[in-house]
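Inspection log for the structure reproduced underneath, given as structure tokens.
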Ligand SMILES: Cc1cc2nc3c(=O)[nH]c(=O)nc-3n(C[C@H](O)[C@H](O)[C@H](O)COP(=O)(O)OP(=O)(O)OC[C@H]3O[C@@H](n4cnc5c(N)ncnc54)[C@H](O)[C@@H]3O)c2cc1C
């Protein structure tokens, strides 16, 4: 078990989070969110804050615990058993908080970061627009400077937490003439006149998390709410992709673990042809395969967390964060899918939560950057590393009998 290597502090955080998940999240909340009776569970966010579980990585001065990614991922695995919406709402203060913590002024930290971690201010992050999410820098929402304000116009879609958020981190075009990478700014936008949220989606899963479409119509945003400098969104975006994708990855571990445990217990009780179904290879190999994937995903996520803690942001970190997001979310999907198969027909019903977890898992391969976009990042950063390797490693390409047949090495 990976936890053998954990510090006492890590174990106690895991236990604390596990206790919160067990005692402070009513079953009815999950059911009401899934049936869209509850659109946004504000009390849940406040309860997390009350237990001092939000924004663990941020300094105590601003309401965090001064911990690191190695702590946050293990807390997130525990929260992840609750499904995608509750895990995402748990993650949003970590995601939006990252922008404020890394790029914000002391005033912004005091006005927004602390209240957020104390549960007095709820947040959402608004990147995606109707005309495209993967092509983020094609964003058309605009913020025109007028004196001490920006006037914000445009719309964002699929924004988790939008229905309940008091504050939005919004990316908008502040320079209509520059190339995209020099044209966009990140702004902290308070809910107020001109900002409208619509609940327009019938979601397959991840319901009840306040996912909405956000309209900005001449919203006046004070210039001091700029994060990272005017037209500086590229740097903010690159930093934000760490918490966005790491939280997706770590939450997916919890969902996968819960699905596997339910299916493995079922297989230990359910009989067919006079035997427990776990005695059939068709079933127990699925359990073995799922567990192997889960352990591999967890190892990758924890190793990535360790590297972020040691190295901050870099090409290698971006590659590993993307690998973690891709591999952990694909693991969650595969494990939940196999859990359903192991359980046969009853797994497809709402007698067990597998069908809900499977619906949630499907989203994880799409949001916070699709897994195709993860591949784009992974191969890009790999080539940066590969083509810049110092020539100290053995030239393995030369270990072939005809390695010097230069005339056969035709590349064009
Ligand atoms: C329930 C839900 C919650 C969400 N929450 C948020 C949120 O809180 N905040 C937020 O800002 N966004 C959020 N999103 C948006 C999400 O991050 C985007 O949907 C996602 O990034 C994909 O963007 P898109 O939907 O515009 O798809 P598109 O960008 O149109 O992509 C369509 C397809 O083309 C593929 N594709 C696109 N470009 C490439 C390429 N270069 N190479 C290979 N394949 C490519 C994609 O992988 C995908 O398969 C949420 C989405 C959903 C459904």
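In our numbering, the protein residues as written are -9 to 402. Even for Gly, the Cβ is constructed at its ideal location relative to N, Cα and C.
- Message: I'd like to know whether the C-beta atoms of residue 354 and residue 396 end up nearer to each other than 7 Å.
- Response: For the purposes of this step, residue 354 is taken as residue 364 along the chain shown, with counting starting at 1. For the purposes of this step, residue 396 is taken as residue 406 along the chain shown, with counting starting at 1. No, these two residues do not count as a Cβ contact at 7 Å.
- Rounded C-alpha distance that separates residue 429 from residue 106: Residue 429 lies beyond the range of the chain shown here (-9 to 402); nothing can be said about it.
- Can you grab the Cα-Cα spacing for the pair residue 128 / residue 365, in whole Å? To locate residue 128, count along the chain shown from 1; it is residue 138. To locate residue 365, count along the chain shown from 1; it is residue 375. Rounded to the nearest angstrom, the two C-alpha atoms are 20 Å apart.
- Message: With a threshold of 6 Å on Cβ separation, who are the neighbours of residue 165 within its own chain once the five nearest residues in sequence on each side are excluded?
- Response: In the chain shown, counting from the first residue as 1, residue 165 sits at position 175. 173, 221, listed in sequence order.
- Message: Do residue 259 and residue 23 have their beta-carbon atoms positioned less than 7 Å apart in this structure?
- Response: Within the chain shown, numbered from 1, the residue matching residue 23 stands at position 33. Within the chain shown, numbered from 1, the residue matching residue 259 stands at position 269. Cβ distance not < 7 Å, so residue 23 and residue 259 don't count as in contact.
- Going by C-alpha distance, which of 248, 125, 176 is nearest residue 11? Stepping through the chain shown from its first residue, residue 11 is reached at position 21. Among 248, 125, 176, the Cα nearest to that of residue 11 belongs to 248.
- Between the C-alpha atoms of residue 345 and residue 75, what's the straight-line distance to the nearest angstrom? Position 355 of the chain shown, counting from 1, holds the residue named residue 345. Position 85 of the chain shown, counting from 1, holds the residue named residue 75. So the two alpha carbons sit approximately 15 Å from each other.
- Task: If I'm right that residue 37 touches residue 14 with Cβ under 8 Å, what's the distance once you round it to whole angstroms?
- Result: On the chain shown, position 47 is the one that residue 37 refers to. On the chain shown, position 24 is the one that residue 14 refers to. Residue 37 to residue 14, Cβ: 5 Å. Contact.
- Item | C-alpha gap between residue 362 and residue 326, whole angstroms | Against the chain shown, residue 362 aligns to sequence position 372. Against the chain shown, residue 326 aligns to sequence position 336. Their backbone Cα atoms lie some 21 Å apart in a straight line.
- Task: Determine which residues share a DSSP beta bridge with residue 144 and list them.
- Result: Stepping through the chain shown from its first residue, residue 144 is reached at position 154. In DSSP, residue 144 forms a bridge with 206.
- Message: With DSSP as the reference, identify every bridge partner of residue 135, one or two as the case may be.
- Response: Counting from one through the chain shown, the residue named residue 135 turns up at place 145. Bridge partners of residue 135: 140.
- Query: Should residue 328 go down as buried or exposed, given a rule of 16 or more other Cβ atoms within 10 Å for buried?
  - Reply: Within the chain shown, residue 328 is the residue found at index 338, counting from 1. Label assigned to residue 328: buried.
- Query: Applying the criterion that 16 or more other CB atoms from any shown protein chain within 10 Å of the CB defines a buried residue, is residue -6 buried or exposed?
  - Reply: Start at 1 with the first residue of the chain shown, and residue -6 comes out as number 4. Exposed, by the Cβ-count rule.
- First through last residue of the beta strand (DSSP E) which encompasses residue 159: Position 169 of the chain shown, counted from the start, is the residue given in the question as residue 159. Here the beta strand (DSSP E) through residue 159 covers 157 to 163.
- Straight-line CA distance for residue 381 to residue 309? Start at 1 with the first residue of the chain shown, and residue 381 comes out as number 391. Start at 1 with the first residue of the chain shown, and residue 309 comes out as number 319. Their Cα atoms are separated by approximately 22 Å.
- Query: Going by the C-beta, is residue 323 closer than 6 Å to any heavy atom of ligand 1?
  - Reply: Within the chain shown, residue 323 is the residue found at index 333, counting from 1. No; taking the cut-off as 6 Å, the Cβ of residue 323 has no heavy atom of ligand 1 nearer than that.
- Task: Following the continuous beta strand (DSSP E) through residue 225, name the residue where it begins and the one where it ends.
- Result: Sequence index remark: in the chain shown, residue 225 carries index 235 (1-based). Run containing residue 225: none in the beta strand (DSSP E); it sits in the alpha helix (DSSP H), 223 to 257.
- Task: Enumerate in chain order the residues of its own chain whose CB-to-CB distance from residue 62 is below 6 Å, with the five nearest sequence positions on each side excluded.
- Result: For the purposes of this step, residue 62 is taken as residue 72 along the chain shown, with counting starting at 1. Taken in chain order, the residues that qualify are 46, 47.
- Select from 98, 93, 144 the residue whose C-alpha is nearest the C-alpha of residue 408. Nothing in the structure corresponds to residue 408, since the chain is present only between -9 and 402.
- Query: Taking 6 Å as the cut-off, does the CB of residue 360 come closer than this to any heavy atom belonging to ligand 1?
  - Reply: In the chain shown, counting from the first residue as 1, residue 360 sits at position 370. Under cutoff, so the answer is yes.
- The alpha helix (DSSP H) enclosing residue 331, as first and last residue numbers: Taking the chain shown and counting its residues from 1, the one referred to as residue 331 is at position 341. Residues 305 to 333.
- Beta-carbon proximity check, residue 187 vs residue 204, cutoff 7 Å: By 1-based counting over the chain shown, the position of residue 187 is 197. By 1-based counting over the chain shown, the position of residue 204 is 214. Going by C-beta atoms, residue 187 is nearer than 7 Å to residue 204.
- Message: Could you tell me the alpha carbon to alpha carbon distance between residue 151 and residue 81, rounded to whole angstroms?
- Response: As a first step, residue 151 is located in the chain shown; it is residue number 161 there, counting from the start. As a first step, residue 81 is located in the chain shown; it is residue number 91 there, counting from the start. If you take the alpha carbons of residue 151 and residue 81, they lie about 11 Å apart.
- Item | Reduced DSSP secondary structure (H/G/I, E/B, other) of residue 95 | In the chain shown, residue 95 corresponds to position 105, counting from 1. Three-state result, residue 95: coil.
- Message: Can you list, in chain order, the residues of its chain with a C-beta nearer than 6 Å to that of residue 73? Leave out the 5 residues immediately preceding and following it.
- Response: Along the chain shown, read from residue 1 onward, the residue named residue 73 stands at position 83. Cβ neighbours of residue 73 beyond the five flanking positions: 350.
- Residue span of the alpha helix (DSSP H) that contains residue 6, given as start and end: The residue you call residue 6 lines up with position 16 of the chain shown. It spans -2 to 13 - the alpha helix (DSSP H) in which residue 6 sits, taken as one unbroken run.
- Query: Are the CB atoms of residue 239 and residue 318 nearer to each other than 7 Å?
  - Reply: Numbered from 1 along the chain shown, position 249 holds the residue referred to as residue 239. Numbered from 1 along the chain shown, position 328 holds the residue referred to as residue 318. Yes, these two residues count as a Cβ contact at 7 Å.
- Task: Could you tell me which residues DSSP puts in a beta bridge with residue 175?
- Result: Position 185 of the chain shown holds residue 175. 162.
- Query: Can you tell me whether DSSP reads residue 149 as helix, strand or coil?
  - Reply: As a position in the chain shown, residue 149 is number 159, starting the count at 1. Here residue 149 sits in strand by DSSP.
- Item | Alpha-carbon to alpha-carbon, residue 373 and residue 332 | One-based indexing of the chain shown puts residue 332 at position 342. One-based indexing of the chain shown puts residue 373 at position 383. Looking at the two C-alpha atoms, the distance is approximately 40 Å.
- Message: Any heavy atom of ligand 3 closer than 6 Å to the beta-carbon of residue 21?
- Response: Although ligand 3 was asked about, the structure shown includes only ligand 1 as ligands.
- Query: Between residue 235 and residue 358, which are expected to be in contact by the criterion C-beta below 8 Å, what is the C-beta distance as a whole number of angstroms?
  - Reply: Here residue 235 corresponds to residue number 245 of the chain shown, with the count starting at 1. Here residue 358 corresponds to residue number 368 of the chain shown, with the count starting at 1. So it is a contact: roughly 5 Å between Cβ atoms.
- Item | Any non-hydrogen atom of ligand 1 closer than 6 Å to residue 314 Cβ | Position 324 of the chain shown, counting from 1, holds the residue named residue 314. Every heavy atom of ligand 1 is 6 Å or more from the Cβ of residue 314, so no.
- Mind checking who residue 122 pairs with in its DSSP beta bridge? The residue you call residue 122 lines up with position 132 of the chain shown. DSSP lists 119 as partners of residue 122.
- Hey, out of 43, 285, 44, 178, whose CA is closest to residue 114's CA? Against the chain shown, residue 114 aligns to sequence position 124. The shortest C-alpha separation from residue 114 is found at 178.
- Message: Determine whether the beta carbon atoms of residue 244 and residue 70 lie at a separation below 7 Å.
- Response: Along the chain shown, one-based indexing puts residue 244 at 254. Along the chain shown, one-based indexing puts residue 70 at 80. Yes, the pair counts as a contact, with Cβ atoms nearer than the cut-off.
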